[in-house]
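Residue numbers (our numbering): 39 to 197. Just so you know, even glycine gets a beta-carbon here, dropped at the ideal spot from N, CA and C. Predicted model only: the values in this text are computed from it and were never measured. Notes to accompany the following structure.
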């Protein structure tokens, strides 16, 4: 188990380093803009409407926002890496997570809670990015170890 956790941590660290590089590049080019977001997920009964930051360049589409629906707020950072069509979603807070989504592939995710760390296998059904026909970023996935959630559809829409 420790070896699995170590391997998963190493993979996540590589992914997060890529995201940090992207964040540094965004700061250098000052390409971030403030946007109002509506975020829908099957985890909550109602969408979250909040202010966030968006950046979009030739390599990466990214969103950052705060979610205050639980007792302790969490910061979320979502990056869509255009070259390999992968979404990386990080939650920063008392409960933290680092998830990777890639259409048609089995990927890994890590949840870090006050009770310990859990690794999940993620099966991504589809990823749609904003385009001239739809202004939404959306993706559908299953977490195979989570019996309570059959399928989740995660949607970010600028409003």
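Just checking my contact of residue i with residue j at CB under 8 Å: how many whole Å lie between their CB atoms?
| i | j | result |
| --- | --- | --- |
| residue 70 | residue 91 | 5 Å |
| residue 162 | residue 139 | 4 Å |
| residue 137 | residue 160 | 6 Å |
| residue 190 | residue 179 | 6 Å |
Taking the C-alpha atoms as reference points, what is the distance between residue i and residue j?
| i | j | result |
| --- | --- | --- |
| residue 181 | residue 170 | 30 Å |
| residue 122 | residue 148 | 21 Å |
| residue 99 | residue 128 | 14 Å |
| residue 101 | residue 119 | 12 Å |
| residue 89 | residue 186 | 30 Å |
| residue 108 | residue 79 | 15 Å |
| residue 134 | residue 155 | 9 Å |
| residue 96 | residue 141 | 20 Å |
Going by CA-CA distance only, name the one from the options that's closest to residue i.
| i | options | result |
| --- | --- | --- |
| residue 168 | 196, 108 and 80 | 196 |
| residue 84 | 130, 99, 105 and 73 | 105 |
| residue 192 | 96, 114, 108 and 48 | 114 |
| residue 177 | 183, 164, 96 and 124 | 164 |
| residue 103 | 117, 109 and 97 | 117 |
| residue 48 | 157, 179 and 152 | 157 |
| residue 188 | 81, 94 and 131 | 81 |
| residue 126 | 108, 145 and 133 | 145 |
| residue 130 | 150, 183 and 86 | 150 |
If you measure from the beta carbon of residue i to each beta carbon in chain D, is any gap under 7 Å?
| i | result |
| --- | --- |
| residue 138 | The displayed structure is made up of one protein chain only, and chain D is not part of it. |
Once the 5 residues before and after residue i are set aside, which same chain residues still bring their CB inside 8 Å of it?
| i | result |
| --- | --- |
| residue 173 | 195 and 196 |
* **Length at least 3, wholly inside the stretch 120-175: the beta strand (DSSP E) runs in chain order** => Counting only runs of 3 or more, we get 124-130, 134-140, 144-151 and 154-166.
* Where in the stretch 72-124 do unbroken runs of the beta strand (DSSP E), each at least 3 residues long, occur, reported from the N-terminal end onward? -> Given a length threshold of 3 residues, each whole run of the beta strand (DSSP E) inside the stretch 72-124 is given here in chain order: 86-94, 98-105 and 112-119.
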